[in-house]
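To start, the structure itself, in structure tokens.
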Amino acid sequence: MLIGLWIRDVVLIEALDLSIGPGLTALTGETGAGKSIILDALGLATGARAEAGLVRRGATQAVVSAVFAPPPDHPVWAVLEDKGLDYRTDEDLVLRRTLSADGRSRAFVNDQATSAGVLRELGEHLLEVHGQHETVGLLDSRTHRPLLDAFGGLGPQVAKVAGAWKALRAAQGRRDELADLVAKAASEAEELTLRLGELDRLDPQPGEETSLAETRAVLGAAEKALSDIGTAREAFDGLSARMAQAIRALERARERAVTAGAGEGAPAVVRLIAASTAIDRALVEAQEAEAAVDTAADAFEFRPDQLEKAEERLFELRGMARKLNVAVEELPILRTRFAERLRAMESSEDELKAADAEVAAARAAYGAAAAALTDGRRKAGETLAAAVMTELAPLKLDKARFRVAVEAVAEDRAGPTGVDRVAFEIATNPGAPFGDLGAIASGGELARFALALKAALAGRGAGPQPLMIFDEVDQGVGGAVADAVGLRLKRLAGSGQVLVVTHSPQVAARGDAHWRISKAGDAERVRTAVEVLSAEDREEEIARMLAGAQITDAARAAARALMHA
74 MLIGLWIRDV VLIEALDLSI GPGLTALTGE TGAGKSIILD ALGLATGARA EAGLVRRGAT
134 QAVVSAVFAP PPDHPVWAVL EDKGLDYRTD EDLVLRRTLS ADGRSRAFVN DQATSAGVLR
194 ELGEHLLEVH GQHETVGLLD SRTHRPLLDA FGGLGPQVAK VAGAWKALRA AQGRRDELAD
254 LVAKAASEAE ELTLRLGELD RLDPQPGEET SLAETRAVLG AAEKALSDIG TAREAFDGLS
314 ARMAQAIRAL ERARERAVTA GAGEGAPAVV RLIAASTAID RALVEAQEAE AAVDTAADAF
374 EFRPDQLEKA EERLFELRGM ARKLNVAVEE LPILRTRFAE RLRAMESSED ELKAADAEVA
434 AARAAYGAAA AALTDGRRKA GETLAAAVMT ELAPLKLDKA RFRVAVEAVA EDRAGPTGVD
494 RVAFEIATNP GAPFGDLGAI ASGGELARFA LALKAALAGR GAGPQPLMIF DEVDQGVGGA
554 VADAVGLRLK RLAGSGQVLV VTHSPQVAAR GDAHWRISKA GDAERVRTAV EVLSAEDREE
614 EIARMLAGAQ ITDAARAAAR ALMHA
């Protein structure tokens, strides 16, 4: 609800502060008094195009602030959230626009700088204008579907369709992922099979590189050690024979000494015996040493082909690792991974079939829910059309015909709101084809049609009701038709807030509040003023509208009758 309008230096308005209440507020005054200026100022605050001509002559800038009090569930709060603007749902919403004389403008929401586009987006949720020069809201076919859904109480069906659409999109997403996997698998399977075959033949084992490297190091050392042992073994070749020969030579020397007459105790004989005994001991130890060297050689267990095999195996492992661009220790892991990948590829075909079935089921569920919603919309459309037709005749639109077109959209245009394009259409004369609401040429007729449609939609759960502005909706009509206009405006205002610019006393008499717009001044300075009328002043203003310049008692009596009808 709009609760306040603060205007400075807009056209003929120098300064104006208005407090606005609920219900129907009538704006009256002589032609040219400036009633439209107030609407222009409100449009400026809600993002309308800013033109330098709106700045009052002699002023440097125009400023307009519109203060709204939306309920906590109003959609404007979501807009502010989306734009990153601070707000509190328990506080007023202030839209402000400044316009300099050179045409530059600035926009603010709760004193936070923003753009005119944001003000306009907020304004689309906060007010509707229906009048001589523009009708916003109803002419936008994007509003027709939600209006029809609200009128028909189709919220649960809409929610069901949205849920089915979400489930369908999720199923399609899963299916597409699997399809991508299968497509990639077709190109990867041959390569994977080849690489896995190579790894299976190689059969790499965890820790094998380290083990082979250690074996190679040991075997390399053993080969060199055996060479050294061989050199040592060669030193024993013929040693035992030579030592035995030495013992036999000493034994002959001893025998010759004894034969020559030397006794066994002779010093020379004793020394020969000692030398022979020592060589004998050395012969025994040499034989033991030779055996120890042989035993040491046997301990290395070296086979010439063993080192060659270890080096060949290590070369194969490292070659495969380079080929697959991994470390040798990762080969067993990669082998397992390749096998798992191939198994997944084999099972993905079955999973894809299951995903296709899931998509088909989700599509069927969505189709059924959307079809039920379409049926509900068509029935609601017929009911709404009948209700609007009932409203048209009293508003002097009895020749017009109205219908709600519910048409299927292209398959690729289906979405969370269903498969329908909803459009309110009208034929202005008998035999004329149906067209969009813009086919109504007269601004007054268009405003009255909007009133008829709004009257038919009123109270049917359409969410927070925006401020509705009707500019000279009674243009070109009077008497019973003007009274019908006033009655419907009053009914609309019962659940919301309506401003009406009117020249009709029948309409003004229905107001809960009444503003009289007047223009005063001289050749140098002209100003527009707004006077909030009391009950007595209202009677006088309505009498003036009935009688003209000369207000009679009969006009006053007629005014009272209208006000209390």
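If you use my numbering, the sequence shown corresponds to residues 74 to 638, in order.
Cβ coordinates follow ideal geometry from the N, Cα and C atoms, glycine included.
In this text, all values refer to a predicted model and were calculated from it rather than measured experimentally.
K257 and M418 have their C-alpha atoms spaced approximately 9 Å apart. Assignment of beta-bridge partners to E480 by DSSP yields R494.
DSSP lists F181 as the beta-bridge partner residues of A186.
If only uninterrupted alpha helix (DSSP H) runs of at least 4 residues are considered, those enclosed by the region 99-159 are 108-118 and 149-156.
In this structure, E431 lies near A244, with their beta-carbon atoms less than 7 Å apart. Going by beta carbons, V149 and H198 fall inside the 7 Å limit. DSSP, read as helix, strand or coil, puts L312 in helix. Residue ranges of uninterrupted alpha helix (DSSP H) with 4 or more members, entirely inside the region 374-424 and ordered along the chain, are 377-397. E282 counts as buried, since no fewer than 16 other beta carbons sit within 10 angstroms of its beta carbon. Assigned with DSSP and collapsed to three states, E363 falls in helix. A distance below 7 Å separates the beta carbons of D82 and A135. Looking at the DSSP output, R169 sits in a beta bridge with S138 and F181. Excluding the 5 residues flanking it on each side, A189 has same chain C-beta neighbours closer than 6 Å at G120 and A180, in chain order. For the pair S178 and A99, the CB atoms are not nearer than the 7 Å cut-off.
When beta bridges are read from the DSSP output, E604 appears opposite R589. Looking only at F224, G116, G96 and D163, the smallest Cα-Cα distance to E455 is reached by F224.
For S92, the secondary structure class from DSSP, reduced to helix, strand or coil, is strand.
E424 and K156 have their C-alpha atoms spaced approximately 43 Å apart.
One Cα belongs to E612, the other to V603, and the distance between them is close to 17 Å. Under the three-state reduction of DSSP output, A441 falls in the helix class. For R598, the three-state secondary structure derived from DSSP is coil.
Annotation for G392: no residue places its beta carbon closer than 6 Å to its own, counting only its chain and skipping 5 residues before and after.
Between R583 and L562 the beta-carbon gap is near 6 Å, inside 8 Å, which marks them as a contact. Only residues of its own chain outside the window of five on either side were considered, and among them Q230, V234 and G491 have a CB closer than 6 Å to the CB of L446, listed in chain order. Here A500 carries a strand assignment [DSSP, helix/strand/coil]. The beta-carbon separation of A118 and R170, rounded to 5 Å, stays under the 8 Å limit for a contact. Under the DSSP assignment, L78 falls in the beta strand (DSSP E) whose first and last residues are L75 to V83.
DSSP, read as helix, strand or coil, puts F507 in coil. The C-beta distance from V495 to R436 rounds to 22 Å, too long to meet the 8 Å contact threshold. When the Cα atoms are used, Q379 and L267 turn out to be separated by approximately 30 Å. Annotation: the continuous alpha helix (DSSP H) that includes A223 extends over H217 to F224. Counting along the chain, G559 sits inside the alpha helix (DSSP H) bounded by residues G552 to A566. Listed as beta-bridge partners of L97 by DSSP are V571. In this chain, the alpha helix (DSSP H) harbouring A634 covers D626 to M636. Comparing alpha-carbon positions, the option among R408, D585 and V599 lying closest to A608 turns out to be D585. The C-beta separation of V571 from L97 comes to about 5 Å, placing the pair in contact by the 8 Å criterion.
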